[in-house]
Each structure stands twice: as structure tokens, then as C-alpha cells.
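Heads up: the structure comes next, in C-alpha cells.
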Amino acid sequence: MIGSWFYAGSFLLFLVCFPPLIFAGAVAGADASAASSNTALFLSGIANLALLIFVWNRCSAPELSFWDGLRIISGRNMSGCANITLIYIYPLLFVVYLIALFHSLLSIFQGGDYSRSKWIGLVIPSSRSAAALHPAAAGMKKCPYCAEMIRSEAIVCRFCGRDLPPMESHH
Ligand SMILES: [Zn+2]
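Okay, structure coming up:
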């Protein structure tokens with residue numbers, strides 16, 4: 514049985530070592546001669562790696578790193594048969610990567626909490642568990658009386674009905 518680390522790891526390897534995935538079409542297409550297209554392939558490999566490191570940094574939260582997220586997604590979508598899994602796991606991870614890349618780019622303007630909470634939400638599609646992992650980013654806090662997750666702005670808990678202490682100041 515192939516582990517989820519294998520799919521996640523080989524996907525990252527493809528992503529960096531198979532430059533046509535993102536850049537080569539544009540870069541290599543500019544010049545058809547063999548020598549300079551080798552250089553273009555090399556450069557686009559570097560660019561892919563830089564992009565991956567960027568996404569990795571923007572999405573890794575203390576509670577859930579980019580790598581752990583890829584492994585969780587791979588593990589959840591593995592079928593019993595490795596040959597069948599191999600057909601769809603890379604396109605699936607690539608779509609996940611593109612979504613993470615999109616949120617990472619937005620996080621340049623929105624701040625790192627934005628891309629980290631989006632990554633947690635992508636890996637764990639239930640807002641409840643996302644809030645439990647990263648409450649502040651999801652706009653949630655835990656009720657001190659009944660320990661349910663409620664919105665940060667709440668002044669009355671919707672689960673136990675108690676008045677809540679005023680919100681701590683934002684920083
Ligand atoms: Zn409560």
C-alpha cells in the first residue's frame with residue numbers, strides 16, 4: 514500500500530521538475546533553439562520552485578503545515594488501488610495547489626492569516642473544524658462557559674445563552 518506521503522511528495526517533485534506545468538509554455542515558446550530552451554526550462558524550474566516555496570510559506574499555519582495538508586488531502590482521496598489513484602491524484606493536487614496559489618497571492622494584500630485560514634479550510638472542509646484549529650483567523654472564539662465555537666463579535670453565546678465578557682482588543 515502506497516502511503517499518502519508518496520503522492521504528496523511525488524506531486525511536489527513533478528511540480529518543480531516538470532516546468533511545462535506552469536511556465537515553460539510561455540518561456541520556451543519565445544525561443545525555439547535547443548540551447549536557449551534548455552536554459553528556459555532550467556529557469557522555469559527555478560521559478561516553479563520559488564513559487565512553491567512562496568505558497569508553502571503563505572499557507573503553512575502552526576497547526577497545519579502545507580505538507581501536512583497535502584498528505585491529508587492525498588490520504589483522504591486514495592482508493593484501494595494505487596494504479597487508479599495515480600490517474601486522478603495529481604490533477605486533484607494540482608487544482609488544490611492552484612487554489613492555494615490564488616489565496617497566497619491574495620494574502621499579499623489580505624495578510625498571512627487570510628491564506629493560512631484558507632488553507633485549513635481547503636484541507637478540512639468543515640468550517641467548524643477549521644475554526645477549532647485556527648479560531649482567530651476564522652473570526653471565531655470559544656465560549657468560556659460551554660466551550661462551543663462562536664463568532665468573535667458575539668456578546669451572547671448562541672449555545673448556552675450567557676452574556677460574554679467584552680472582546681479583547683484587536684492587535
Ligand atoms: Zn456558551
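Each residue of the sequence shown is one higher than the last, beginning at 514 in my numbering. Each residue gets a CB set at the ideal place from its N, CA and C atoms; glycine is no exception.
Quick one: grab the DSSP three-state call for Ile663.
strand
Looking only at DSSP bridge pairs, what is Asp676 linked to?
Val669
What does the Cβ neighbour count give for Trp632, buried or exposed, with the cut at 16 atoms within 10 Å?
buried
Proximity winner among Met662, Ser587, Cys656 and Leu554, relative to Pro679 (alpha-carbon distances)
Looking from the CA of Pro679, the closest CA among Met662, Ser587, Cys656 and Leu554 belongs to Cys656.
Measuring CB to CB, does Ile600 end up less than 8 angstroms from Asn590?
Their beta carbons are not under 8 angstroms apart, which means Ile600 does not touch Asn590 by this criterion.
In whole angstroms, what is the alpha-carbon distance linking Gly625 and Leu606?
Gly625 and Leu606 have their C-alpha atoms roughly 22 angstroms apart.
Residues with a Cβ closer than 5 angstroms to any heavy atom of ligand 1, in chain order?
Cys656, Tyr658, Cys659, Cys670, Phe672 and Cys673
For Leu554 and Leu618, I'd like the C-alpha separation in whole angstroms.
24 angstroms
Environment of Ser592 [buried if 16+ CB atoms lie within 10 Å]
exposed
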